[in-house]
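For what it's worth, the numbering used here labels the leading residue of the sequence shown as 127, then goes sequentially. Just so it is clear, CB atoms sit at the ideal spot from N, CA and C, and this is done for glycine as well. Here is the structure we will look at.
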Amino acid sequence: ETQKLTAALRRGVGVQGRWGEQTLRNVLEMAGLQNRFDFLEQVTVTSGERRQRPDVVVRMPGGGELVIDAKVSIGAFLDAQDAPDEAQREAALARHADSVRTHVRTLASRGYQDELGGSADFVAMFIPGDSFLVAALDRQPDLLNEAMAQKVVVVTPTTLFALCKAVSYGWRVEDQARGAAEIARVARELYKRLSDMGGHVAGVGKALTQAVERYNQVVGSLESRVLPQARRFETLGVDHEGKPMPELPHIETGVRPLARLDPKDEDGAA
């Protein structure tokens, strides 16, 4: 299987490029990022008359963006593995290191981070194998410093996974903060509605209290001024068809008022 993969990768830059893009996608998804939501592939970037298409644009919390471009040129590296002697192997690895450096300079010249608003101040160059980068660094130890000076960060599956894990964690934190803000908004709205409803209930209680008071006043007036006169008909023998004058009791039960909520009371007691 390794021989088949090696043979496929020797077919040309196109095959190597597709392999690098697939490896990049796999790393992003393993880090917890979702395609078309957390990152976009082959986004067209237009600057004047120039149109460019970085391999991936990762959306970061806060509206930022991170550009990642996969660079796979491992023909010389594969030649080194098949070299018949040490001299040819070293020559092939030197070409490999030069190829990586050329990719760094080419990517730096494109200035993706300047074309995308809100982008990070660097672009990530993805190499789909730690051994490819190690081989280049063995021949050119200053390669990473030179790349960072040109605002290019060289990443491999291991380092990119760690970087994207941090991005994924940032998204979770932002989602939690957004959820907490929504809970607070809903709680404020619920409190307002409960307060309005409490006001309506208090109004009904007040109206009932007033109705009871008016009823008791009417009963009191009947008992003191009307019923005594009416009951005299009974003493005078007036035929009242067996219907006695009814007793009109007072209503003593009052309406229970709503307890006022004390904000200092954690249990919500009045």
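*Could you check the C-alpha separation between S350 and Y341 for me, to the nearest Å?*
14 Å
_From Q239, G255 and R358, residue whose alpha carbon lies closest to that of T284_ = G255
*Return the Cβ separation of V312 and A273 in integer angstroms, given the expectation that the two are a contact with Cβ distance under 8 Å.*
Wrong, their Cβ atoms sit about 48 Å apart, outside the cutoff.
*Proximity winner among R358, Q343, A356 and P354, relative to E378 (alpha-carbon distances)*: Q343
*Residues bridged to A196 by DSSP?*
F252
*Taking buried to mean at least 16 other C-beta atoms within 10 Å of its own C-beta, is T149 buried or exposed?*
buried
*So, helix, strand or coil for F165, using DSSP?*
strand
*Report all residues from its chain with a CB closer than 8 Å to the CB of L166; omit the five preceding and five following residues, and keep chain order.*
V182, V183 and R185
*Name the two residues that bound the continuous beta strand (DSSP E) containing V281.*
V278 to V281
_Short of 8 Å in beta carbon distance, which residues of its chain neighbour V281, apart from the five on each side in sequence? Order them along the chain._
I194, A250, M251, F252, I253 and L289
*Got a sec, what are the start and stop residues for the alpha helix (DSSP H) V226 sits in?*
E212 to R236
*asked:* If you follow the alpha helix (DSSP H) that L269 is in, where does it begin and where does it stop?
replied: L269 to A275
*Please name the residue in F258, F248, R227 and L192 whose C-alpha comes closest to that of Q207.*
F258
*To which residues does DSSP link Q266 through a beta bridge?*
Beta-bridge pairing links Q266 to no other residue.
_Per DSSP, cross-strand counterpart(s) of R319_ = Answer is none; R319 lacks a bridge partner.
*Can you give the Cα-Cα distance for L270 and S199, rounded to whole angstroms?*
17 Å
*Hey, Q160 and R236: beta-carbon distance below 8 Å or not?*
no
*Going by CA-CA distance only, name the one from V260, E339, Q239 and V299 that's closest to V169.*
Q239
*Work out the CA separation of G189 and R304 for me, nearest whole Å.*
14 Å
*Spatially closest choice to P120 from E315, Q355, A356 and E339, by CA coordinates*: Nothing about residue 120 can be reported from this structure: the residues present for the chain run from 127 to 396 only.
*Could you give the distance in angstroms between the alpha-carbon of D268 and the alpha-carbon of L286?*
20 Å
*Please say whether R227 and Q266 have beta carbons closer to each other than 8 Å?*
yes
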